[in-house]
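Asks:
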């Protein structure tokens with residue numbers, strides 16, 4: 193079985209394990225006595241309803257609405273899968289909910305809607321405002337996604353955020369700011385060539401302009417060629433970046449560019465194109481799973497380049513998980529009526545600042561693998577536990593400063609301490625420990641090797657490459673239980689088996705390591 197097949201089976205097993213899926217609703221109040229029932233439902237619930245009638249803002253104190261986000265999609269542009277429909281897209285939306293909860297403690301309902309008409313989709317989503325504190329739009333194809341978000345922002349008084357557009361734009365903005373810091377270039381002077389003018393591409397360009405880039409220094413190409421003034425068949429968002437030019441190909445616009453931004457397809461940026469870029473070029477090749485150019489191919493022709501991708505197996509991963517949990521955390525905590533440009537810019541600058549923090553501040557976040565700000569480390573890594581305590585307050589402050597916070601935070605220090613407590617509760621601080629374990633794998637003896645809970649734990653240790661397990665037990669019992677549990681580990685390959693009845697090392701192992 194290939195590694196790809198093994199990953200596929202592991203992913204299906206992960207989703208299928210009872211209970212199926214990745215999220216569920218859990219009660220937050222006790223329900224064990226008759227009095228609990230009277231408080232939670234009739235007659236006590238009537239008092240909560242009456243309080244909200246008298247003051248609608250009380251809903252944030254009396255219901256889960258203030259910490260509840262809807263992840264909404266019609267499944268027309270799902271990850272790298274395309275238009276697979278709302279039902280097939282549901283695992284992605286559930287996964288988004290897991291990230292919201294894990295990284296920021298935000299509760300999520302994923303809502304998949306079988307509707308392609310943007311106006312009807314807007315009507316459906318807008319009608320859900322009484323239920324949610326915020327709306328995260330996901331995997332809706334362009335140009336409909338622009339229409340849907342724009343109209344919802346006009347109609348709704350809660351944050352509406354299309355992560356495919358703005359989440360990507362925020363991380364790209366932070367990466368560009370720090371890349372220019374490394375190269376010593378000014379954002380108002382650089383020239384940018386971009387491949388891809390869909391939802392994410394246009395949002396990234398808008399963000400870079402908001403950060404100070406000269407729009408006249410931006411040239412874009414989509415599947416039909418360069419966006420130029422004489423070209424037809426362009427929606428209004430693309431027309432904003434159409435230029436008076438005789439350039440017609442990606443190679444034409446890349447020549448002399450300081451920055452390449454790719455949100456298109458794998459392999460479109462050729463090494464010979466990279467060779468024509470300006471001194472110390474910045475390359476953001478963000479197509480997934482195959483970037484526009486692999487880092488090793490870019491560096492082969494331009495050793496002076498700085499490169500980021502969307503992949504976790506290369507430095508400088510541009511990952512939306514660096515943004516969306518924290519921008520919503522800050523927005524929800526102040527009761528923001530929207531996520532405005534000031535909040536997005538605050539998030540960009542907070543991410544950029546976090547990557548530039550001194551190495552002494554990074555030890556707790558990265559263990560022995562302490563990164564140093566520079567070409568190989570432009571933006572924080574997704575599991576950096578400092579993201580929550582740095583980004584959410586920055587976003588909250590921006591919301592308050594711009595006058596859209598309905599519940600301003602009066603004690604910011606206490607708020608930051610509360611966020612810090614969440615990090616300890618979720619175990620994010622253990623991530624560096626796991627990383628150190630992978631880098632220096634030890635042999636770990638499990639004395640109760642026949643126990644099912646131990647066997648499941650050992651499978652996780654093997655999958656995460658945290659250690660090399662040694663199981664103590666009866667081989668026939670262990671092998672039968674591995675088969676019954678549907679585990680994939682193999683004796684003599686993934687772990688070592690010590691027979692309690694015949695192995696001379698048995699007494700030494702259990703007496704020394706148990």
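In the numbering used here, the protein residues as written are 193 to 706. Just so it is clear, CB atoms sit at the ideal spot from N, CA and C, and this is done for glycine as well.
#1: Let's test the definition: count the other Cβ atoms within 10 Å of the Cβ of residue 487 and tell me whether it reaches 16, buried, or not, exposed.
#2: Using CA atoms only, rank isn't needed, just tell me which of 274, 516, 610 and 374 is closest to residue 497.
#3: At the 9 Å Cβ level, is residue 418 part of the contact set with chain C, yes or no?
#4: With DSSP as the reference, identify every bridge partner of residue 358, one or two as the case may be.
#5: At what residues does the alpha helix (DSSP H) containing residue 536 begin and finish?
#6: Give the secondary structure of residue 645 by DSSP, where H, G and I count as helix, E and B as strand, and everything else as coil.
#7: Three or more C-beta pairs closer than 8 Å, one from the segment 351–359 and one from the segment 388–398: is that the case here?
#8: Taking its Cβ as the centre, do 16 or more other Cβ atoms sit within 10 Å of residue 483, making it buried, or is it exposed?
#9: How would you label residue 211, buried or exposed, when you count the other beta carbons within 10 angstroms and need 16 or more for buried?
#10: Could you give the residue range of the alpha helix (DSSP H) that holds residue 262?
#11: Which same chain residues, not among the five before or five after residue 629, have their C-beta less than 6 Å away from its C-beta?
#12: Is residue 398 near the ligand HEM, in the sense that its beta carbon is under 8 Å from a heavy atom of that ligand?
#13: DSSP on residue 704, reduced to helix/strand/coil?
#14: Determine whether the beta carbon atoms of residue 492 and residue 469 lie at a separation below 9 Å.
#15: What does DSSP give as the partner residue(s) for residue 635 in the beta ladder?
#16: Kindly list the residues whose CB is nearer than 8 Å to the CB of residue 769, restricted to its own chain and excluding five residues on each side of it in sequence; keep chain order.
#17: Judging by CA-CA distance, which residue of 501, 441 and 651 is the nearest neighbour of residue 413?
#18: So, is residue 522 buried or exposed, given that buried needs 16 or more other C-beta atoms within 10 angstroms?
#19: For residue 213, which of 596, 342 and 290 has the nearest alpha-carbon?
#20: Going by CA-CA distance only, name the one from 476, 338, 342 and 261 that's closest to residue 454.
#21: Is the Cβ-Cβ distance between residue 267 and residue 278 less than 9 Å?
#22: How is the beta strand (DSSP E) around residue 474 delimited, first residue to last?
#23: Judging by CA-CA distance, which residue of 571, 545 and 533 is the nearest neighbour of residue 504?
#24: Contact defined as beta carbons within less than 8 Å: I believe residue 396 pairs with residue 364. What is the distance between those atoms, to the nearest angstrom?
#25: Below 8 Å on the Cβ atoms is my contact criterion, and I expect residue 445 with residue 418 to pass it. Report the Cβ-Cβ distance as a whole number of Å.
#26: Mind pulling the alpha helix (DSSP H) runs of 4 or more residues that sit fully within the segment 567–613?
#27: Who are the near neighbours of residue 276 in its chain, counting only those whose CB is closer than 8 Å to its CB and skipping five residues on each side?
#28: What span of residues does the beta strand (DSSP E) with residue 413 cover, start to end?
#29: Can at least three beta-carbon pairs, one atom from the segment 529–539 and one from the segment 586–605, be found at a separation below 8 Å?
#30: Short check: CB of residue 368 to CB of residue 408, under 9 Å?
Replies: In brief:
#1: Mapped onto the chain shown, residue 487 falls at position 295. Looking at its Cβ environment, which holds 16 or more other Cβ atoms inside 10 Å, residue 487 is buried.
#2: Taking the chain shown and counting its residues from 1, one reaches residue 497 at position 305. Out of 274, 516, 610 and 374, 374 has the C-alpha closest to the C-alpha of residue 497.
#3: Given the protein chain composition of this structure (a single chain), no chain C is represented.
#4: Mapped onto the chain shown, residue 358 falls at position 166. For residue 358, which the question treats as bridged, DSSP gives no partner whatsoever.
#5: Here residue 536 refers to the residue found at position 344 of the chain shown. First-last of the alpha helix (DSSP H) with residue 536: 533–547.
#6: Along the chain shown, read from residue 1 onward, the residue named residue 645 stands at position 453. Residue 645: helix per DSSP, three-state reduction.
#7: yes
#8: The residue labelled residue 483 in the question sits at position 291 within the chain shown. Result: buried.
#9: Residue numbering aside, residue 211 sits at position 19 when the chain shown is read from its first letter. Flag for residue 211 reads exposed.
#10: Residue 262 sits at position 70 when you count from the first residue of the chain shown. That residue, residue 262, is in no alpha helix (DSSP H); its beta strand (DSSP E) goes 260–265.
#11: Working through the chain shown from its first residue, we reach residue 629 at position 437. Hits under 6 Å: 658.
#12: Among the components of this structure there are no ligands whatsoever, and the ligand HEM is therefore not found.
#13: The residue you call residue 704 lines up with position 512 of the chain shown. Correct three-state label for residue 704: helix.
#14: Working through the chain shown from its first residue, we reach residue 492 at position 300. Working through the chain shown from its first residue, we reach residue 469 at position 277. Not closer than 9 Å, so no.
#15: Within the chain shown, residue 635 is the residue found at index 443, counting from 1. Its beta-bridge partners are 660.
#16: The chain is shown only over 193 to 706; residue 769 falls outside these bounds and no answer can be derived.
#17: As a first step, residue 413 is located in the chain shown; it is residue number 221 there, counting from the start. Answer by Cα proximity: 441.
#18: The residue labelled residue 522 in the question sits at position 330 within the chain shown. Flag for residue 522 reads buried.
#19: For the purposes of this step, residue 213 is taken as the residue at position 21 of the chain shown. With distances taken between Cα atoms, residue 213 lies closest to 290.
#20: Looking up residue 454 in the chain shown gives position 262. For the residues 476, 338, 342 and 261, the minimum Cα distance to residue 454 belongs to 476.
#21: The residue you call residue 267 lines up with position 75 of the chain shown. The residue you call residue 278 lines up with position 86 of the chain shown. For residue 267 and residue 278, yes; Cβs fall inside 9 Å.
#22: In the chain shown, counting from the first residue as 1, residue 474 sits at position 282. It spans 474–477 - the beta strand (DSSP E) in which residue 474 sits, taken as one unbroken run.
#23: Working through the chain shown from its first residue, we reach residue 504 at position 312. Closest option to residue 504, Cα to Cα, is 571.
#24: Counting from 1 along the chain shown, the entry for residue 396 is found at position 204. Counting from 1 along the chain shown, the entry for residue 364 is found at position 172. Going by Cβ atoms, the distance from residue 396 to residue 364 rounds to 5 Å, so yes, they are a contact pair.
#25: Indexing the chain shown from 1 puts residue 445 at position 253. Indexing the chain shown from 1 puts residue 418 at position 226. Correct: roughly 6 Å between the Cβ atoms.
#26: 578–593
#27: Translated into positions along the chain shown, residue 276 becomes position 84. Within the same chain, residue 276 has close Cβ partners 267 and 270.
#28: Along the chain shown, read from residue 1 onward, the residue named residue 413 stands at position 221. Start and end: 410–414.
#29: yes
#30: Within the chain shown, numbered from 1, the residue matching residue 368 stands at position 176. Within the chain shown, numbered from 1, the residue matching residue 408 stands at position 216. Not a contact, by the Cβ cut-off of 9 Å.
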